[in-house]
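Student: Under the working numbering, the first residue of the sequence shown carries the number 16, and numbering increases by one thereafter.
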Amino acid sequence: MTTVKTLIIGSGPAGYTAAIYAGRSGLAPVLYCGLQPGGQLTTTTVIENFPGFPQGIDANQLMTDMCEQAKRFGADVRDGSIEKADFSSRPFLLTDDRGNTIAAETVIIATGASAKYLGLEDEKKYAGMGVSACATCDGFFYRKKTVAVVGGGDTACEEALYLSSLAKKVYMIVRKPYLRAAEIMRKRVEETANIEILYNTNTLGLFGENGVEGAHLVRYKGEPNEETYDIRIDGFFLAIGHKPNTGIFAGQIDMDEQGFIRTQGNTASTNIEGVFAAGDVADPVYRQGVVAAGFGAKAAIEADRFLQEKGLK
Ligand code: NDP
Numbered sequence: 016m017t018t019v020k021t022l023i024i025g026s027g028p029a030g031y032t033a034a035i036y037a038g039r040s041g042l043a044p045v046l047y048c049g050l051q052p053g054g055q056l057t058t059t060t061v062i063e064n065f066p067g068f069p070q071g072i073d074a075n076q077l078m079t080d081m082c083e084q085a086k087r088f089g090a091d092v093r094d095g096s097i098e099k100a101d102f103s104s105r106p107f108l109l110t111d112d113r114g115n116t117i118a119a120e121t122v123i124i125a126t127g128a129s130a131k132y133l134g135l136e137d138e139k140k141y142a143g144m145g146v147s148a149c150a151t152c153d154g155f156f157y158r159k160k161t162v163a164v165v166g167g168g169d170t171a172c173e174e175a176l177y178l179s180s181l182a183k184k185v186y187m188i189v190r191k192p193y194l195r196a197a198e199i200m201r202k203r204v205e206e207t208a209n210i211e212i213l214y215n216t217n218t219l220g221l222f223g224e225n226g227v228e229g230a231h232l233v234r235y236k237g238e239p240n241e242e243t244y245d246i247r248i249d250g251f252f253l254a255i256g257h258k259p260n261t262g263i264f265a266g267q268i269d270m271d272e273q274g275f276i277r278t279q280g281n282t283a284s285t286n287i288e289g290v291f292a293a294g295d296v297a298d299p300v301y302r303q304g305v306v307a308a309g310f311g312a313k314a315a316i317e318a319d320r321f322l323q324e325k326g327l328k
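#1: Shortest alpha-carbon distance to Ser26 belongs to which of Asp137, Asp271 and Glu83?
#2: Secondary structure at Asp269, three-state DSSP: helix, strand or coil?
#3: So, with DSSP's three-state summary, where would you put Asn115?
#4: Bridge partners for Leu221 per DSSP, in chain order?
#5: In terms of residues, what are the limits of the alpha helix (DSSP H) holding Tyr193?
#6: Given 8 Å as the limit, is there contact between the segment 30–49 and the segment 79–97, that is, 3 or more CB pairs closer than that?
#7: What are the start and end residues of the alpha helix (DSSP H) that includes Lys140?
#8: Report buried or exposed for Tyr141, applying the criterion of at least 16 other Cβ atoms within 10 angstroms of its Cβ.
#9: Per DSSP, what are the beta-bridge partners of Asp91 in this structure?
#10: Does the beta-carbon of Pro299, which I'm using as the reference point, lie nearer than 8 Å to any heavy atom of ligand 1?
#11: Specify whether the segment 205–216 and the segment 98–117 touch according to this definition: at least 3 beta carbon pairs, one from each stretch, less than 8 Å apart.
#12: Using beta-carbon positions only, say whether Tyr31 and Ala292 come within less than 9 Å of one another.
Below is the structure:
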């Protein structure tokens, strides 16, 4: 079995930035890309808010460049996922999807988060045929059409506003009688003429021949005035939050109620010495590529210091 100084799990901005820093520190990091090489950003098109690119940059290009930069400093970037982690003693033991076990003196968890779905069968049935969890990725296909966004938080408002500039009409399907989003976002949504908010409403299912043509909805579910009705839509966008990808670490590392890894104070350190977390997997709030990248840098710097202190460098 090989023992590495630093194993990085995940290939979003946090993972690659950690690999760049760890590589430059001489840690010869091994990075596992996971199921979605490049991470969540690769599901979008152009990134306009990553500093250094005044004209914006293609998301896939940005992630490919980060990968190349990590490799240039000696990172061993591997396809595949880590499927099992044992943090009970150091070096930690990690097993990949081919059954190889790797021993690692430090681990940087940068596995990100994934969009949540309602859990309806129809979401699977119409996946890629009208159901999406990313308006900025897929909104383009709904020019002058009618779409619905599920959720009442900041993400849902952002997605609805984005779609309102493309689509003819945008419904927001909100299960509560109010939007949870920040006031400024609420106001913007309420003031946008082609957004209609359907409060107290849940989705029962979707319908359509060769793609989404409408949704079955219920208002005041479980109450005496409950009513079901249908809306005609061409696209159904989920914006009900994200789930951190921490399943394989459950029970081994400190997490919050939602499964986000808890880091200590302003650091990337977890409750396990030598295990660090960076990016969306440890960030329920900001969820931005640039924040994740900075977080990855912190994790690698801390891993390097840890190895130095332990005389393992
Ligand atoms: P939130 O958890 O804030 O909101 C999720 C929304 O989805 C809520 O309205 C929730 O309803 C609804 N929801 C959840 N589950 C279901 C379900 N099963 N059926 C129907 N509706 C459901 O997630 P966001 O992704 O919006 O935001 C996450 C964090 O990121 C927040 O802290 C947010 O402030 C931040 N953010 C900030 C932005 C900005 O500042 N520009 C942009 C985007 C996000 P309910 O209210 O009933 O629970």
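Even for Gly, the Cβ is constructed at its ideal location relative to N, Cα and C.
Tutor: In this structure, then:
#1: Within the sequence shown, residue 26 is the residue found at index 11, counting from 1. The shortest C-alpha separation from Ser26 is found at Glu83.
#2: Locating residue 269 in the sequence shown gives position 254, counting from the first residue. Correct three-state label for Asp269: coil.
#3: In the sequence shown, residue 115 corresponds to position 100, counting from 1. Reduced to three states, the DSSP call for Asn115 is coil.
#4: As a first step, residue 221 must be located in the sequence shown, where it is residue number 206. For Leu221, which the question treats as bridged, DSSP gives the partners Ala230.
#5: Mapped onto the sequence shown, residue 193 falls at position 178. Where Tyr193 is concerned, there is no enclosing alpha helix (DSSP H), given that its DSSP letter is neither H nor E.
#6: yes
#7: As a position in the sequence shown, residue 140 is number 125, starting the count at 1. Where Lys140 is concerned, the enclosing alpha helix (DSSP H) stretches over Glu136 to Lys140.
#8: The sequence position of residue 141 within the sequence shown is 126, counting from 1. Buried is the call here.
#9: Translated into positions along the sequence shown, residue 91 becomes position 76. Note: Asp91 sits in a beta bridge opposite Val45.
#10: One-based indexing of the sequence shown puts residue 299 at position 284. Yes, the beta carbon of Pro299 sits closer than 8 Å to at least one heavy atom of ligand 1.
#11: no
#12: By 1-based counting over the sequence shown, the position of residue 31 is 16. By 1-based counting over the sequence shown, the position of residue 292 is 277. Contact flag unset, no.
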